[in-house]
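Participant:
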Amino acid sequence: MDRPFIMIFFCFFWIMLTSAVFAKDRSSLPPNTEGTLNRMAKIHAKLQNINLTYRRDVMPIFEKKCFDCHSGRTHYPFYYKLPFVRSMIDADITEARAALDLSSEFPFGGHGLFSTDLPKIRLEIEEGEMPPFFYRVMHQGSAVTEEERKRIFNWVDESQKSLLQNF
27 MDRPFIMIFF
37 CFFWIMLTSA
47 VFAKDRSSLP
57 PNTEGTLNRM
67 AKIHAKLQNI
77 NLTYRRDVMP
87 IFEKKCFDCH
97 SGRTHYPFYY
107 KLPFVRSMID
117 ADITEARAAL
127 DLSSEFPFGG
137 HGLFSTDLPK
147 IRLEIEEGEM
157 PPFFYRVMHQ
167 GSAVTEEERK
177 RIFNWVDESQ
187 KSLLQNF
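Residue 27 is where the sequence shown starts when you use this note's numbering, and the numbers rise one by one after that.
1) Quick one: residues in its chain with C-beta nearer than 7 Å to the C-beta of GLU172, no 5 flanking neighbours on either side, listed in chain order?
2) May I ask which residues mark the beginning and end of the alpha helix (DSSP H) holding GLN186?
3) Below 8 Å between beta carbons: does that hold for PHE132 and ASN77?
4) Whole angstroms is fine: what's the gap from ALA122's alpha carbon to THR62's?
5) Is TYR161 buried or exposed, if buried means 16 or more other CB atoms sit within 10 Å of its CB?
6) Between ILE41 and ILE32, what straight-line distance do the alpha-carbon atoms span, to the nearest angstrom?
7) For PRO103, which residues from the same chain have a beta carbon less than 7 Å from its beta carbon, with the 5 sequence-adjacent residues on both sides left out?
8) Does the beta-carbon distance from LEU196 to GLN186 come in below 8 Å?
9) For GLY135, which residues does DSSP report across the bridge?
10) If you follow the alpha helix (DSSP H) that TYR161 is part of, which residue opens it and which one closes it?
11) Taking the alpha-carbon positions, what's the ILE151 to CYS95 distance?
12) Who are the near neighbours of VAL111 in its chain, counting only those whose CB is closer than 6 Å to its CB and skipping five residues on each side?
13) Less than 7 Å between C-beta atoms, sequence neighbours within five positions excluded: which residues of the same chain meet that for ARG175?
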């Protein structure tokens, strides 16, 4: 009778000892405060609003002018089947998607932070780098018009302003 009592006591003692030794130290973990959750909710809401205006104002432009290289929805030209041309186009598309992949909606995927996408988009269009010269030559109507530039720049500026607000 004495032996089972000792075994139960030993097991209880062992469980208490191991739980104390192997317990996680939660004192160094960041607190899950309401302020942090509110900030995350605000960022999420801002990104959703930016995406809504992107879909309404900018995505139709990008679909016509940018998606051939910067998305998974490429419409290959008739001359794509030529061996030398094919490898050049494939290399350009690979490079373009690595820089900015528009396959998904905003925030765009495939690379770094969305906060760097906005100024980069503005700069590339402002300097006339996008769409590239040879693409514009081979695809009539692919150049970004002044009205389209204004819509894109307005979206970029308003989106950046929204992201920086209250931070």
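Where a beta carbon is used, it is the ideal one built from N, C-alpha and C, also for glycine.
Small disclaimer: the values here were computed from a predicted structure and weren't measured.
Facilitator: From the atom records:
1) none
2) 172-190
3) yes
4) 36 Å
5) buried
6) 14 Å
7) MET164
8) As displayed, the chain neither begins before 27 nor continues past 193, which places residue 196 out of reach and without an answer.
9) ASP127
10) 159-164
11) 15 Å
12) TYR105
13) ILE151
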